[in-house]
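Q: I am attaching a structure below and will ask some questions about it afterwards.
Residue numbers (the numbering used here), protein chains in the order written: chain A, 1218 to 1375; chain B, 1218 to 1375; chain C, 1218 to 1375.
Here it is as C-alpha cells:
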C-alpha cells in the first residue's frame, strides 16, 4: 500500500495520526515475523492518559467506547508503521482484529463498539482493511481502558 | 481434505450443516491469507437469534453452553468453507481454537464447554481437527451469546 | 536457539523446568504448522493443582498473579519444547503472548501481571523472547486459575 495515501486518508477524516506507542522493556509494540505483523494490544490514550476510562454499560457509553476503538486501531496502525520501519508501504492487508470491551454482564453491543475499529480500517485502507474479527466483553483492561484492540496484518517481507 | 466426506460426517452426527454467516460491511466471516485462514468469532445462532442467551452459571447451564460451542464451531466450518470458495478440499488442518465463555466469576468448567467445539472438530475432521486451544470466561458476548468460538486453520494456497 | 543454554538459564533462575502438559483427547498442548508453533493456553499448575486459585483483586494478590504468569509461561515453553520433538533448538523467537487475568472490574494492573510472563521470556531467551503482547481481565479461567498465558512462536520447519 502507499504510505502517503494512507496518511492522507487519515488526515481527511480529521484525525491526527498518533505517535507510535513507546517500546517497553520486555515486549514490543509490533513484531514482524516473515509475512505477518503482530501488533500489541492498543488502548485509547492521549497524552499518556486513557480516554474515557471505565466499564461500558456503567460509566462509559456505547459512543465513547466506539470512539475508543477507533482511537485504539489508529494507534495500532501507527505501531505497525513503526514496526515496518516508518512506512506502511509494505502493508498488504489487515487479517485479524480482536476487540476486547470492558463491559457489564448485560452488555450486548460489542459489534457496534468493534465497528469503530473495523470501519476506520476500511475507510483508511479500503478493501485491504477488511479482516476477520472477534469481539468479546471483559471485566477490566489495562489502566482502566474501556476497550483494547489487537491487530494482525499481512506484510511484504523486508 | 475431502469436502464431501466432511459433509457426510456432519450429517452422520445428525447435525444440519449451517448456511455460512453473511458478510457484513467492514469485516469478513473468513479471511484467507497465504496458507492461513482466519475465521471471525462465531456465536450459536438459529434463524437469526442466539441459542440460549445469557451467562453460564447463571441462566445458562453447562450443557447448553457446550451445545452452543458445538453449534458455533460448525458455523465456523461453514464460514471457512465459504471463504475457501465453497469447498473444504483445500483445508489442511485446524491449528487454533479460542473459546470465550460468558461466565460468572465462580465458573471453572471452561474446558468442558470448549470440548463441545474441540470434540466436534475431531469427530468431523479426524486428526486434522486437533488444535491448540485456549478457553477463558468473559463478562458478556455479542447479542447475549453464552459462548463464542474463534477458529484459525491451515489451508492449501489457491 | 540452543536447547541446553535455555535450560541452563531457567535453572540459573532457580526455577525447575516443568514437565510438558499432557495431551488430552481433542486438543494438543502445542501444534506446529509450517514455521509457526501455537501453544495451548497455560494456567499455573503444580502436581495437578492450580497455584493460587481465585480472582485477582479479590482472593489473589498482584504478586501471586504475576508469579502465576511466570509459571504459566514456563509451562508454555515446556509444551513448545515437547511439540518441537523434545528440544528448543528449532525455536526462532516468541512472536505473540496473550495474558488473560481473572480480575475484578476495578483491576488496572494487567500489564504488571503480564510482565511476569514477558520478563521471564526475555531472561531465558534474550531478544528472541521479545514479543507483541495483549493483556485483558476476564471473569474466570479454567479450574479457577488466576491467569492464563497463550504463546505463539516462530520455529524452523522440521
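Each residue gets a CB set at the ideal place from its N, CA and C atoms; glycine is no exception. Only a predicted model underlies this, so the values are computations on that prediction, with no experimental measurement involved.
Distance check for residue 1319/B and residue 1371/A, CA to CA, integer angstroms please.
A: 31 Å
Q: Can you pull the chain C residues whose beta carbon is under 9 Å from the beta carbon of residue 1278/B, in chain order?
A: Ordered by position in chain C, no residue passes the 9 Å Cβ test against residue 1278/B, which lies about 16 Å from the chain.
Q: So which residues of chain C does residue 1257/A contact, with C-beta pairs closer than 7 Å?
A: Among the residues of chain C, those whose CB is under 7 Å from the CB of residue 1257/A are 1349, 1350 and 1351, following chain order.
Q: Taking DSSP as the reference, what is the three-state secondary structure of residue 1346/A?
A: helix
Q: In whole angstroms, what is the alpha-carbon distance linking residue 1251/B and residue 1276/C?
A: 45 Å
Q: Under 8 Å between C-beta atoms, does residue 1371/B make it to chain C?
A: Yes, contact with chain C.
Q: Using CA atoms only, rank isn't needed, just tell me which of 1333/B, 1355/B and 1219/B is closest to residue 1272/B.
A: 1355/B
Q: Can you list the beta strand (DSSP E) stretches of 3 or more residues lying completely in the stretch 1243-1301 of chain A, in chain order?
A: 1247-1250 and 1253-1256
Q: Cα-Cα, which of 1259/A, 1254/A, 1280/A and 1285/A is closest to residue 1268/A?
A: 1285/A
Q: Do three or more CB pairs link the stretch 1341-1354 of chain C to the stretch 1313-1327 of chain C at distances below 8 Å?
A: yes
Q: When you compare the CB of residue 1299/B with every CB in chain A, is at least one pair closer than 8 Å?
A: By the rule that beta-carbons nearer than 8 Å mark a contact, residue 1299/B does not touch chain A.
Q: Whole angstroms are fine: how far does the CA of residue 1218/C sit from the CA of residue 1305/C?
A: 7 Å
Q: Taking the DSSP output, what are the residues bridged to residue 1354/C?
A: Among the bridge pairs identified by DSSP, residue 1354/C is matched with 1357/A and 1318/C.
Q: Near residue 1227/A, what residues of its chain come up, given a Cβ to Cβ distance below 6 Å and the 5 sequence neighbours on each side ignored?
A: Excluding its 5 nearest sequence neighbours in each direction, residue 1227/A has C-beta neighbours in its own chain below 6 Å: 1234 and 1341, listed in chain order.
Q: Could you pull the start and end residues of the beta strand (DSSP E) that residue 1371/B belongs to?
A: 1364-1372
Q: Sorted by chain position, which residues of the same chain lie with C-beta nearer than 6 Å to residue 1298/B's C-beta, five sequence neighbours on each side aside?
A: 1305
Q: Using only CA atoms, which one of 1327/C, 1246/C and 1344/C lies nearest to residue 1363/C?
A: Just measuring C-alpha positions, the residue of 1327/C, 1246/C and 1344/C sitting nearest residue 1363/C is 1327/C.
Q: Whose Cβ in chain C lies nearer than 8 Å to the Cβ of residue 1283/B?
A: Those do not exist, as residue 1283/B stays about 13 Å from chain C at its closest Cβ, beyond 8 Å.
Q: Is residue 1222/A buried or exposed, if buried means 16 or more other CB atoms sit within 10 Å of its CB?
A: exposed
Q: Counting C-beta neighbours from all protein chains within 10 Å, is the total for residue 1256/B 16 or more, i.e. buried, or is it exposed?
A: buried
Q: So is residue 1324/B in contact with chain C if we call contact Cβ pairs under 8 Å?
A: yes
Q: Just to check my reading of the structure: residue 1237/B and residue 1295/B have Cβ atoms closer than 8 Å, yes? What is that Cβ distance to the nearest angstrom?
A: Distance from residue 1237/B to residue 1295/B at the Cβ level is roughly 5 Å; contact confirmed, criterion being Cβ atoms closer than 8 Å.
Q: Indicate whether residue 1338/A and residue 1243/B have their beta-carbon atoms separated by less than 8 Å.
A: yes
Q: What's the call for residue 1347/A, buried or exposed, on a 16-neighbour Cβ count within 10 Å?
A: buried
Q: So for residue 1312/B, helix, strand or coil by DSSP?
A: strand
Q: Report the neighbours of residue 1272/C on chain B: residues whose CB is nearer than 7 Å to its CB, in chain order.
A: 1322
Q: Quick check: what's the CA-CA separation for residue 1323/A versus residue 1265/B?
A: 20 Å
Q: With a threshold of 6 Å on Cβ separation, who are the neighbours of residue 1270/A within its own chain once the five nearest residues in sequence on each side are excluded?
A: 1361
Q: Please decide whether residue 1231/B counts as near chain E, where near means a Cβ-Cβ distance under 8 Å.
A: Structure shown: chain E not included; protein chains present are A, B and C.
Q: With 9 Å as the limit, tell me which residues of the stretch 1331-1348 of chain A have their beta carbon closer than that to any beta carbon of chain B; keep them in chain order.
A: 1331, 1332, 1334, 1335, 1336, 1337, 1338, 1339, 1340, 1346, 1347 and 1348
Q: Buried or exposed for residue 1246/A, please, with buried defined as at least 16 other CB atoms from any protein chain shown within 10 angstroms of its CB.
A: buried
Q: What's the gap between the Cα of residue 1248/C and the Cα of residue 1278/A?
A: 40 Å
Q: Let me check understanding here. Comparing Cα to Cα, which of 1310/B, 1288/B and 1274/B lies closest to residue 1343/B?
A: 1310/B
Q: Less than 6 Å between C-beta atoms, sequence neighbours within five positions excluded: which residues of the same chain meet that for residue 1396/A?
A: Residue 1396/A cannot be examined here, being either before or after the span of chain A that is shown, 1218 to 1375.
Q: Whose Cβ in chain C lies nearer than 8 Å to the Cβ of residue 1251/A?
A: The answer, in chain order, is 1252 and 1371.
Q: What residues in its chain sit with their C-beta under 8 Å from that of residue 1345/A, if we drop five residues either side in the sequence?
A: If you ignore the 5 residues before and after residue 1345/A, its C-beta comes within less than 8 Å of the C-beta of 1218, 1308, 1309, 1310 and 1311, all in its own chain and listed in chain order.
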